[in-house]
Structures are given as structure tokens and as C-alpha cells.
Amino acid sequence: MNITLKKDRFEAIDHCFSELKQSKKHETSNLKEMETLLKETFHKDIKVQIVYPNKPSDTFFVMSIFPDESTLDAVVRCIVEEKNDEIIRKIWNETNNWTIEIDNRLFNENYIQLTSQEMTALLLHELGHMIYSNSIPQRISKVMKLEYARASIGIKAVLKDSLFSKILTLPILNACTYDNYKTKDDIRKELKADVFVVKMGYGKYLESALEKFIETNKVDTSKNIGKTSQDVYSDMKGVTLFSIGIIENFKDRKSVLAKKKLADLGGRVPSSYINKFIFKIDK
2 MNITLKKDRF
12 EAIDHCFSEL
22 KQSKKHETSN
32 LKEMETLLKE
42 TFHKDIKVQI
52 VYPNKPSDTF
62 FVMSIFPDES
72 TLDAVVRCIV
82 EEKNDEIIRK
92 IWNETNNWTI
102 EIDNRLFNEN
112 YIQLTSQEMT
122 ALLLHELGHM
132 IYSNSIPQRI
142 SKVMKLEYAR
152 ASIGIKAVLK
162 DSLFSKILTL
172 PILNACTYDN
182 YKTKDDIRKE
192 LKADVFVVKM
202 GYGKYLESAL
212 EKFIETNKVD
222 TSKNIGKTSQ
232 DVYSDMKGVT
242 LFSIGIIENF
252 KDRKSVLAKK
262 KLADLGGRVP
272 SSYINKFIFK
282 IDK
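Quick note: the sequence shown uses our numbering, first residue 2, plus one each step.
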């Protein structure tokens, strides 16, 4: 794991978040500064962007971190070609290009009141959770590979075409969206896993941020930011079956129905990164 930890870089990220909370006047320069600081720390190309949801009722996804398209395609090929789990894990861990999406509502104190240090702690936590843990590769191996094995011979034949196999990126992208935790016990478990967050003195900020999300979810469950580990596995299974259903529609020449399902999904997902993939599939 090639990481260069320096406290002053994290403090500089704090400053960027503080400026973004006050005004979006210098949004581009602040995001570029964060990208530079993250590259110096993690030695990966990490693009940072703020996403503005279409409707206030859109799912509050906090922060989401996605691998690049070539990684997603390679992982799907591993599923279709029934490669072993270690290859999937290796592809994921060696990915150098990532995109972070930050929900604009994170800066709105009427929505949730976070300090700039808490935002930095969340950012570092999500980077560690997504890039430096095996939680997503494990879900892919346990859920997607199983559902692929259960699919019909006809579906498996269609998935050998890269145009259709790209539909299987949807469950992976969905898994990359923010996972929150419902209890203080879950928070304590997460803190133990966040070695560099704690080492840099951001453990207390991560704990307070996650506790605020728990309280926010109690007040307004429609924000949908509280999930258990069972929930995230169920989510991946649901989206995998949804994706296989779309492939089945295309296979049976029901392209109008398949495209409608994709359009409906795009309308519900505030992520511009995920919508980019939906647009490619829908073409």
C-alpha cells in the first residue's frame, strides 16, 4: 500500500472544504487543490467533483467513489469468464484512476451540520473503505458471481458481447455509493479499520460525523443513509437481478422495455457518473 501520510495535506483539504461550505465561488480551484493533495498522498489519480441533485427528494448519497471504466469492464469480464476471486481483488486494488462525487447537500447546514474536519474524515474514510479494503470485491464474488452462475445459458451467451456485459457494471456502480452505519457499535468497528484516519488525528471527527448521520436518519428515514452489512449485500443482489432482467429484455427483443427501465433508473439516481454509464448502455 503506497501512501504518504502528512498532516498538513489533510489540513489543506480541511481548508478546501471550509471554503466550499462558505461559497462555491472558487469551487473549481478548491476541487483541483484537493485532487493534487490526494494524489500526493495516495499516488493515484483521484478526480473530485460536486454533484447537484435534480430534486431535493433525490437519495442523499453523501460521497461516492468509483473506479474507472476499464476497471469495471475488466471486473465484469472476470465474472463472465468465471475467473477466480483473487483476480477480481487484484484488479480492484491496483486501479489507479478513481472519481469521487460529493453530494452538494453535504454543504447545506439545513440538511446536515458538518464541520470541514468531519468532511475530511469522511473523505478519507470513504477512500479507505472503497480503495484499500476488499469489501466491494468480496460482494462481487459472493453475489454477482453466484447470480451469474444461476443465469440461463441464453443470458450467458448474450453476456459474451461487451455491449450487453456493460449492463453488469450497474450493480458494481451501485455498490460504490455511500454506505452508512446504523449503530455506535458499527461506528467503533469502522474506526478500528480506518488506520490512517485515526493515525492522522481524524478518528474523533469521523466518529462525530457518522453519529450525526445516524441521528439524521432517525429524524428523516427518507434520506436512506443507514444501512447494515446485510442491506448492502441485498442491494447488490437486487441490482444484479435487475441488470440480468434488462439483458433478458434485450435478448428477447424487448428493447423498448429495457430502455424504459434504464431511463427510469437514470431518473432516480443523482450520480452523474452512474448516469454516464446508463447513457452508454441506453445508446
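Think of the CB as a built atom: it goes at the ideal place given N, C-alpha and C, for glycine as much as any other residue.
Note that this is a predicted model, so its numbers are computed, not measured.
Strand pairing of valine 102, partner residues [DSSP]: In the sequence shown, residue 102 corresponds to position 101, counting from 1. Just to set this straight, residue 102 is glutamate in the shown sequence, not valine. Beta-bridge analysis with DSSP links glutamate 102 to Gln50 and Ser65.
Selection from Met64, Gly239 and Lys238 that minimises the alpha carbon distance to leucine 128: Numbered from its first residue, the sequence shown carries residue 128 at position 127. In terms of CA proximity to leucine 128, Met64 leads the group Met64, Gly239 and Lys238.
Assigned secondary structure, glutamine 23 (DSSP; H/G/I helix, E/B strand, else coil): Here the question's residue 23 lines up with position 22 in the sequence shown. DSSP, reduced to helix, strand and coil, places glutamine 23 within a helical segment of the structure shown.
Stretch pair the stretch 84-104 + the stretch 66-76: three plus CB contacts closer than 8 angstroms: Yes, the stretch 84-104 touches the stretch 66-76.
Classification of leucine 147 by the beta-carbon crowding that lies within 10 angstroms, buried from 16 upward: In the sequence shown, the residue the question calls residue 147 occupies position 146. By the neighbour-count rule (16 or more Cβ atoms within 10 Å), leucine 147 is not buried but exposed.
Limits of the alpha helix (DSSP H) - the one that aspartate 265 falls within: Here residue 265 is taken as the residue at index 264 of the sequence shown, counted from 1. Where aspartate 265 is concerned, the enclosing alpha helix (DSSP H) stretches over 256-269.
Backbone CA spacing between valine 144 and valine 240 [nearest angstrom]: Your numbering for residue 144 matches position 143 in the sequence shown. Your numbering for residue 240 matches position 239 in the sequence shown. Take the alpha-carbon of valine 144 and the one of valine 240: they are about 10 angstroms apart.
Buried/exposed call for phenylalanine 280, threshold 16 Cβ in 10 Å: Numbered from 1 along the sequence shown, position 279 holds the residue referred to as residue 280. With a threshold of 16 other beta carbon atoms within 10 Å, phenylalanine 280 falls short and is exposed.
Lysine 48 vs isoleucine 132 beta-carbon contact at 9 angstroms: Your numbering for residue 48 matches position 47 in the sequence shown. Your numbering for residue 132 matches position 131 in the sequence shown. No, the pair does not count as a contact, with Cβ atoms beyond the cut-off.
Assigned exposure category for tyrosine 274 - 16 Cβ within 10 Å defines buried: Here residue 274 refers to the residue found at position 273 when the sequence shown is read from its first residue. Counting the other Cβ atoms within 10 Å of the Cβ of tyrosine 274 gives 16 or more, which makes it buried.
Cβ neighbour criterion (16 or more within 10 Å) applied to glutamate 82: Residue numbering aside, residue 82 sits at position 81 when the sequence shown is read from its first letter. Answer is exposed; the Cβ neighbour count stays below 16.
Cβ-based neighbour list, glutamate 119, same chain, cut-off 7 angstroms, excluding 5 preceding and 5 following: Within the sequence shown, the letter at position 118 stands for residue 119. The residues Tyr206, Ser209 and Ala210, in chain order, have a CB closer than 7 angstroms to that of glutamate 119 in the same chain once the five nearest residues on each side in sequence are set aside.
Proline 138, buried or exposed, once every other Cβ within 10 Å from all chains shown has been counted against 16: Indexing the sequence shown from 1 puts residue 138 at position 137. Under this definition proline 138 is a buried residue.
For isoleucine 275, the three-state DSSP class (helix, strand or coil): The residue given as residue 275 occupies position 274 in the sequence shown. In the structure shown, isoleucine 275 sits in a helix (DSSP, three-state: H, G or I).
At least three beta-carbon pairs within less than 8 angstroms, the stretch 235-253 to the stretch 27-38: Touching, no, given that fewer than three Cβ pairs across the two stretches are closer than 8 angstroms.
Sequence-distant residues of its chain with Cβ nearer than 8 angstroms to isoleucine 156 (five each side left out): For this step, residue 156 is matched to residue 155 along the sequence shown. The answer, listed in chain order, is Ile245, Ile248, Glu249 and Lys252.
Range of the contiguous alpha helix (DSSP H) that encloses aspartate 86: On the sequence shown, residue 86 is found 85 positions in, with the first residue counted as 1. Run containing aspartate 86: 86-94, per the alpha helix (DSSP H) assignment.
C-alpha gap between serine 117 and lysine 161, whole angstroms: In the sequence shown, the residue the question calls residue 117 occupies position 116. In the sequence shown, the residue the question calls residue 161 occupies position 160. Put simply, the backbone Cα of serine 117 is about 46 angstroms away from that of lysine 161.
Counted within 10 angstroms of its Cβ, other Cβ atoms place tyrosine 53 as buried (16 or more) or exposed: Sequence index remark: in the sequence shown, residue 53 carries index 52 (1-based). Exposed is the call here.
Closest residue to proline 172 among His130, Arg151 and Val77 (Cα-Cα distance): Here residue 172 corresponds to residue number 171 of the sequence shown, with the count starting at 1. In terms of Cα proximity to proline 172, the closest of His130, Arg151 and Val77 is Val77.
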